[in-house]
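Residue numbers (this note's numbering): 8 to 301.
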Amino acid sequence: MRTQQNTKKEKLKSKINNLILAFLNPNAFFSSRYWNRELDKLKNLEYVVGKNGQKVPLKKESRPKLYKAVYKTFWLPYFIIGICSFIQCSVVRVMVPILQSWIIKYFINDPNAKYKISTNEVMIYIAFLVITNVIAIMLLHHSVMQSLHVGMRIRIACSSLLYRKVVKMYAWEKPFSQIVSVIRKLEIHQIKFSSYVRAAYLAIIVFTERLTVYFTLITFVLMGNNLTADVTYEMSTYFNILQLVVALYFPQGLILLGESIVSFNRLEVYVIILYSTIYVIILYSIILYSRNLR
8 MRTQQNTKKE KLKSKINNLI LAFLNPNAFF SSRYWNRELD KLKNLEYVVG
58 KNGQKVPLKK ESRPKLYKAV YKTFWLPYFI IGICSFIQCS VVRVMVPILQ
108 SWIIKYFIND PNAKYKISTN EVMIYIAFLV ITNVIAIMLL HHSVMQSLHV
158 GMRIRIACSS LLYRKVVKMY AWEKPFSQIV SVIRKLEIHQ IKFSSYVRAA
208 YLAIIVFTER LTVYFTLITF VLMGNNLTAD VTYEMSTYFN ILQLVVALYF
258 PQGLILLGES IVSFNRLEVY VIILYSTIYV IILYSIILYS RNLR
C-alpha cells in the first residue's frame with residue numbers, strides 16, 4: 008500500500024512540475040518535428056525559410072550566412088527572454104528601493120513630517136516587497152534556464168553541420184603538430200590578455216559603486232538637503248541596479264557578442280570549404296569516369 012501511495016505521489020508531483028515548467032521546454036508542444044525542422048534549416052545553407060515555412064532560394068551572388076539561419080530559427084525564445092529581462096530590470100527591480108524607503112520612513116520619528124505612515128500601510132508595503140522579490144527571482148531563474156536551454160540547442164544544431172571525424176595523417180603528424188603548437192601558443196597569449204582585461208574591469212566594479220554613492224551623498228548634503236536613512240538606502244539600491252546593468256551586463260554582452268561573431272565566421276568558412284571540396288571531388292570523379300568510358 009505504501010509503495011502504491013508513493014508512486015501516486017510521484018506521478019502527481021511530475022504532473023505538477025510539467026504543468027509549471029512546460030513553457031521552458033518547447034519540445035513538449037512541438038514534439039520532434041519542430042526540432043527536425045530547425046536542424047533542416049541550419050543544414051540547408053542554400054535556402055532561406057520564409058514565414059510560411061516555404062524554402063526561398065538565395066541569390067547566386069549572395070554568400071550563405073549562418074547567423075541568419077540561427078536568427079530565423081531561435082528569435083522567438085530569445086525575444087521572450089528579452090521581455091522577461093526587461094520586466095525584471097525596469098519594473099520589478101525599480102519597485103524594490105521605493106518600497107524599502109516607504110518601510111524605513113515608518114521607523115523614522117520625524118515630527119516635521121507632513122504625512123505619517125500607519126501600521127496597516129507598512130504591512131501592505133512589506134507584503135508587496137516580498138511579492139516583488141519572489142517575482143524577480145522567478146523571472147531571473149526562468150530567463151537563465153531558458154537561455155541555457157536555447158544555447159544548448161544552437162550548439163547541437165551547429166555542431167551537426169560539421170560532422171566531426173578523426174583524420175589519420177601519418178606522414179603529416181610531425182609538421183602538423185608543430186603548426187598546432189605554434190598556433191596554440193598564440194591563442195593562449197590572446198586568451199591570457201583577454202582574461203587580464205576581464206579581471207581588471209571586474210575588480211573595478213567592487214569600488215566604483217561605493218565611490219559613486221559616497222560622492223553622490225556628499226553632493227546631496229552640500230546642496231542643503233537633509234540626509235536620512237530612507238534616502239540613503241534608496242539611492243544605494245538604485246546605484247547597485249545601475250552598476251549591474253551598465254558595468255557588468257553590458258560589457259559582458261559585448262564580449263559574448265564578439266566571441267559569437269568569431270565563432271559564426273569560422274563555422275561559415277569551414278562549412279563553405281567543406282561543401283566546395285565535396286563538389287570538386289564529385290566533379291573530378293565524373294571527369295575521370297567519362298574518360299574511362301572513352
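Where a beta carbon is used, it is the ideal one built from N, C-alpha and C, also for glycine.
Just verifying my parser: in three-state terms, what is the DSSP assignment at residue i?
i	result
TYR78	helix
TYR203	helix
ILE142	helix
TYR122	coil
LEU49	Unreliable positioning characterises LEU49 in this predicted model, as indicated by a pLDDT of 49, which lies under 50. A coordinate reading is not provided.
LYS72	coil
ASN272	helix
TYR115	This sequence places Ile at residue 115; Tyr is not what is there. If DSSP states are grouped into helix, strand and coil, ILE115 belongs with coil.
LYS172	Its pLDDT being 47, under 50, LYS172 is placed unreliably by the model, and nothing is read from it.
Leaving out the 5 sequence neighbours to the left and right, which residues in its chain are closer than 6 angstroms to residue i when beta-carbon positions are compared?
i	result
MET102	THR139
HIS196	none
LEU312	The shown model of the chain, from 8 to 301, leaves out residue 312, and the question about it has no answer.
Looking only at its own chain, which residues have a Cβ that is under 7 angstroms from the Cβ of residue i, when we skip the five neighbours before and after it?
i	result
SER154	ILE88
VAL329	Residue 329 cannot be examined here, being either before or after the span of the chain that is shown, 8 to 301.
THR239	LEU224
Since residue i and residue j are thought to touch, with beta carbons under 8 angstroms apart, how far apart are those beta carbons, to the nearest angstrom?
i	j	result
PRO104	THR223	About 14 angstroms separates the two Cβ atoms, so there is no contact after all.
PHE227	LEU234	6 angstroms
HIS149	CYS91	7 angstroms
ILE142	VAL99	5 angstroms
ILE212	LEU264	ILE212 to LEU264, Cβ: 20 angstroms. No contact.
Which residues in the same chain as residue i place their Cβ atom closer than 8 angstroms to its Cβ, once the five residues preceding and following it in sequence are excluded?
i	result
SER108	ASP237, VAL238, TYR240, GLU241
ILE115	THR235, ALA236, ASP237
Threshold first: 4 residues or longer. Then list the alpha helix (DSSP H) segments lying entirely within the stretch 229-254, N to C.
For secondary structure counted as the alpha helix (DSSP H) over 4 or more consecutive residues, the stretch 229-254 holds these complete runs in sequence order: 236-249.
Contiguous beta strand (DSSP E) assignments of at least 3 residues, all confined to the stretch 81-112
Fully enclosed beta strand (DSSP E) runs of 3 or longer: not present.
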